[in-house]
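Trainee: One structure follows; several queries about it will come next.
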Amino acid sequence: MPEITYAEAIRSALWEEMKRDERVFIIGEDIGRYGGAFGVTTGMLDEFGDKRIIETPISEPSIIGAAVGAALLGMRPVAEIMFMDFVLLSLDQIGNQAAKMHYMFGGKATVPLVVRMPSGSGTGAAAQHSQSLETLLMHLPGLKVVTPSTPYEAKGLLRTAIHDLNPVCFIEHKLLYKTKGEVPEGDYQIPFGVADIKRAGKDLTIVANGIMVHKALAVANRLADEGIDVEIIDPRTLVPLDTEAIINSVSKTGKLLIVHEACETAGWAGEIMAVVSSSRAFDYLDAPMRRLTGKNVPIPYNRVLERAAVPQEEDIEREIRAIVKGVY
Amino acid sequence: METEKNQEPFLNRAERLKLSKDELREMYKTLCTIRQFELMADKLYALGKVHGTMHLSAGQEAVAVGIRHATRLDDYLINHHRGHGHFISKNADINLMMAEFLGKEAGYCKGRGGSMHIADFSSNNLGANGIVGGGIPHSLGVGLALQMQKRDQICIAIFGDGASNEGVFHETLNMAGLWKLPILFVCENNKYGMSMAVERVSAKLPIAQRAEAYDIPWHYIDGNDLLTVIETVGSAADYIRSGNGPVFVEAQTYRYFGHSKSDRNLYRSKDEIETWRLTKDPILRFKNNLLENEVFKAEELVVCEEEAVKIIESAVEFAEASADPDAATVTEYVYA
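Chains as they are written, first to last, in this note's numbering: chain E, 1 to 328; chain S, 329 to 664.
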């Protein structure tokens, strides 16, 4: 299988879907000649023209609003919001409009649209260009929330998102864009609501998404030499959430650590804990469930502070050791 | 304001606009049907039969009927929260509307939406919106889709004076003007956003002149004069359908009822309301024109009025006989 980057995998999904279905178009800021802030749509203007690669003014609410209107007429818009932080500008269109229409109109409207949005810290972009706001979107019934961690998943999940009849928030961690991975050639999709066991283990379950999957894997591989066998579950889609995979894993290992970059308070780690503690897995727990998350701070600019604001490999390692030893 | 153009006699205008006698009668009946729907909604609320809120459009009927007559039935409609009149004009099934108003499973949205969210996608009625201005940017996507699908319908985006101060209003006008999208923007100015007088929240009036900044032709018209609405909207629709881009029409009108059920009309005088009712009422003006010009005899119009009452009464019967949704279905329709 060829190795391509996460950004190339996303572009490849967009490209193939636009070739396959003339209803698919992309709308967003600086997505033409510039190729988007992270280069994802590079070359697409030349291939598909400005009627299908629609560059807009800086008007985030109306970018999503336009996608909603087009979706209502049977199109398959893919909107790009340059940084996930700017979703806060378009929250009415995402939360009050796109998310609600199917229900509010008694099942008679469908809003098949995808909103792509780069998330996460690590680029020194500070408080308004570095957030991980997936929990905010998970709280709105009607939305689906996807956080791919590898090029393979980015492509397969994006294709599924474009085929889905609901509004899908597709969250791309910006530090992953240049990471490489194997991606099969040709048509494949990854179903929503199916978690992936990124590493099988017997001693402790880690549930992590996006870039945290990679950090957890690096730590788990190191600790394996010491005989600590960690299982890593990547939910891939937070809505719908594969609760069975998590419950099964915790029932096996008896220990749970959730790792996400999003802030702690009301973050989705709490949701996972609630799922586990009200399931059969509760009986198998032999340690308190723990979460390691972004701190409850705006992402700072300074490199030292920025690093301190979100979980790092050494934090994950410390947490794992604490849980395994039973010392917190 | 462009009103009753050059005081041209009613019959000449009607003839110039090619309005047949049947069409005039039908429009009169629709005006009355809307008024009766709103009066009935108010009555049902007073009787304690309405669970939620409502935003009544009595006094604004000519805008709805005029737009509908001057456009095509298959044009797309994006509506605001005070939208009963526009639905009725667009040939909505009034039984299903009333059932939705009363929250019944038989309603347009199976009782999930209520008064603020009536939609009928089978007739290109894309729904009302509970967020002021929330539907305006949808018109961009509808316009883009119509262009991409190479269709000749237009999108009619209707909103109130209050919505014109939302950011999406300006964003949408900018993109629509820039891309020459097939959108008819109609600002239905009923003088108040909830309690706030339009003069107190607008740096410059009329609202329609804002369209100039976005290179969109605009008109500020008497929205209570049916033939003026038909004439302006008709020529705007032709202009848009010919590929020239959007047009903005501000229709000056007035609502008789309060903003919603909580409104005690503390921000306007009884005199003001009565003056509009007695001297500028859109139905009364149209009726007087029809009678003074002997288009119809009084008893012919009474027949229309009685038919309107019957339509609404039977809609209430239908709605009241309909079942509530089953509580077990509460989580249906979250996802398609």
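Ideal placement from N, C-alpha and C gives every residue a C-beta, glycine not left out. It should be emphasised that the depicted structure is a prediction, and the values quoted were computed from it without experimental measurement.
Taking only beta-carbon atoms, is residue 238 (chain E) less than 7 Å away from chain S?
Mentor: Taking Cβ atoms only, chain S never reaches closer than 7 Å to residue 238 (chain E), which makes this a no.
Trainee: Starting from residue 182 (chain E) and walking both ways along the beta strand (DSSP E), at which residues does that stretch end?
Mentor: Where residue 182 (chain E) is concerned, the enclosing beta strand (DSSP E) stretches over 180-182.
Trainee: Helix, strand or coil for residue 498 (chain S), going by three-state DSSP, please let me know.
Mentor: Helix, per DSSP.
Trainee: Can you confirm whether the segment 623-639 of chain S touches the segment 361-369 of chain S when touching is taken to mean that 3 or more C-beta pairs between the two stretches lie within less than 8 Å?
Mentor: Short answer: they touch.
Trainee: Give the residues of chain E in contact with residue 440 (chain S), contact being defined as C-beta atoms less than 9 Å apart.
Mentor: Result: 103, 104, 105, 106, 107.
Trainee: If contact is defined by three or more beta carbon pairs under 8 Å, each pair taking one atom from either stretch, is the segment 462-477 of chain S in contact with the segment 85-103 of chain E?
Mentor: They touch, by the three-pair rule.
Trainee: Can you tell me which of the three DSSP states residue 203 (chain E) falls into?
Mentor: In this structure, residue 203 (chain E) counts as coil in the three-state DSSP scheme.
Trainee: Could you give the distance in angstroms between the alpha-carbon of residue 626 (chain S) and the alpha-carbon of residue 431 (chain S)?
Mentor: About 37 Å.
Trainee: Taking all protein chains shown into account, decide if residue 60 (chain E) is buried (16 or more other Cβ within 10 angstroms of its Cβ) or exposed.
Mentor: Flag for residue 60 (chain E) reads buried.
Trainee: Whole beta strand (DSSP E) runs in the segment 348-417 of chain S with 3 or more residues, listed along the chain?
Mentor: Qualifying beta strand (DSSP E) stretches, in chain order: 404-406.
Trainee: Could you tell me whether the segment 379-391 of chain S touches the segment 655-664 of chain S, using the rule of 3 or more Cβ pairs below 8 Å?
Mentor: No contact exists between the segment 379-391 of chain S and the segment 655-664 of chain S.
Trainee: Suppose you measure from the CA of residue 212 (chain E) to the CA of residue 74 (chain E); what does that come to, to the nearest Å?
Mentor: C-alpha separation (whole angstroms): 36 Å.
Trainee: What are the residues in the segment 494-515 of chain S lying within 7 Å of chain E by C-beta distance?
Mentor: Listed in sequence order: 495, 496, 499, 500, 502, 503.
Trainee: Give me the DSSP bridge partner(s) of residue 487 (chain S).
Mentor: S:515.
Trainee: Give the residues from the segment 550-584 of chain S that approach chain E closer than 8 Å (Cβ to any Cβ), ordered along the chain.
Mentor: Result list empty, no residue passes.
Trainee: Of all the options E:104, E:261, E:172, E:165, which has the alpha carbon lying nearest to the alpha carbon of residue 216 (chain E)?
Mentor: Nearest of E:104, E:261, E:172, E:165 to residue 216 (chain E), Cα basis: E:261.
Trainee: Can you tell me whether residue 253 (chain E) is helix, strand or coil according to DSSP?
Mentor: Reduced to three states, the DSSP call for residue 253 (chain E) is helix.
Trainee: Throw me the rounded Cβ distance for the residue 41 (chain E) and residue 31 (chain E) pair, which I believe falls under 8 Å.
Mentor: The pair is a contact, with the Cβ atoms about 4 Å apart (cut-off 8 Å).
Trainee: For residue 160 (chain E), report the span of its alpha helix (DSSP H) as first-last.
Mentor: Its alpha helix (DSSP H) spans residues 151-163.
Trainee: Using the Cα positions of residue 282 (chain E) and residue 276 (chain E), report the straight-line distance between them to the nearest angstrom.
Mentor: Approximately 6 Å between the Cα atoms of the pair.
Trainee: Could you work out which residues of chain E lie near residue 467 (chain S), taking near to mean beta carbons separated by less than 7 Å?
Mentor: Here the neighbours are 69.
Trainee: Could you work out which residues of chain S lie near residue 51 (chain E), taking near to mean beta carbons separated by less than 7 Å?
Mentor: Those within 7 Å of residue 51 (chain E) in chain S are 476.
Trainee: Can you tell me which of S:560, S:643, S:532 puts its alpha carbon nearest to the alpha carbon of residue 545 (chain S)?
Mentor: Taking only the C-alpha atoms, the option nearest residue 545 (chain S) is S:560.
Trainee: Just curious, the beta strand (DSSP E) that residue 294 (chain E) is in, first and last residue?
Mentor: Per DSSP, residue 294 (chain E) belongs to the beta strand (DSSP E) from 290-294.
Trainee: If we call anything under 7 Å between Cβ atoms a contact, is residue 400 (chain S) one with residue 418 (chain S)?
Mentor: No.
Trainee: Using only the alpha-carbon positions, how far apart do residue 422 (chain S) and residue 65 (chain E) sit?
Mentor: For residue 422 (chain S) and residue 65 (chain E), the distance between alpha carbons rounds to 29 Å.
Trainee: Is the beta carbon of residue 188 (chain E) less than 7 Å from the beta carbon of residue 156 (chain E)?
Mentor: Taking 7 Å as the Cβ cut-off, residue 188 (chain E) and residue 156 (chain E) qualify as a contacting pair.
Trainee: Short of 6 Å in beta carbon distance, which residues of its chain neighbour residue 338 (chain S), apart from the five on each side in sequence? Order them along the chain.
Mentor: 617, 621.
Trainee: Report yes or no: do three or more beta-carbon pairs, one from the segment 265-280 of chain E and one from the segment 303-311 of chain E, lie closer than 8 Å?
Mentor: They do not touch, by the three-pair rule.
Trainee: Under 7 Å Cβ to Cβ from residue 249 (chain E), same chain only, skipping five residues before and after it: list those, please.
Mentor: Cβ neighbours of residue 249 (chain E) beyond the five flanking positions: 205, 231, 233.
Trainee: Pull up the CB-CB distance for residue 17 (chain E) and residue 162 (chain E), whole angstroms please, since I reckon it's below 8 Å.
Mentor: About 5 Å separates the two Cβ atoms, so the contact holds.
Trainee: Can you pull the chain S residues whose beta carbon is under 9 Å from the beta carbon of residue 97 (chain E), in chain order?
Mentor: Under the 9 Å cutoff, chain S gives 457, 459, 462, 463, 465, 466.
Trainee: What residues of chain E sit near residue 437 (chain S), judged by a beta carbon separation below 8 Å?
Mentor: Neighbours of residue 437 (chain S) on chain E, chain order: 104, 105, 106, 108.
Trainee: Under 6 Å Cβ to Cβ from residue 356 (chain S), same chain only, skipping five residues before and after it: list those, please.
Mentor: 632.
Trainee: Are the segment 465-484 of chain S and the segment 503-510 of chain S in contact at 8 Å, needing three or more beta carbon pairs?
Mentor: Yes, they touch.
Trainee: Please compile the residues from chain S whose C-beta is within a distance smaller than 7 Å of the C-beta of residue 56 (chain E).
Mentor: Under the 7 Å cutoff, chain S gives 503.
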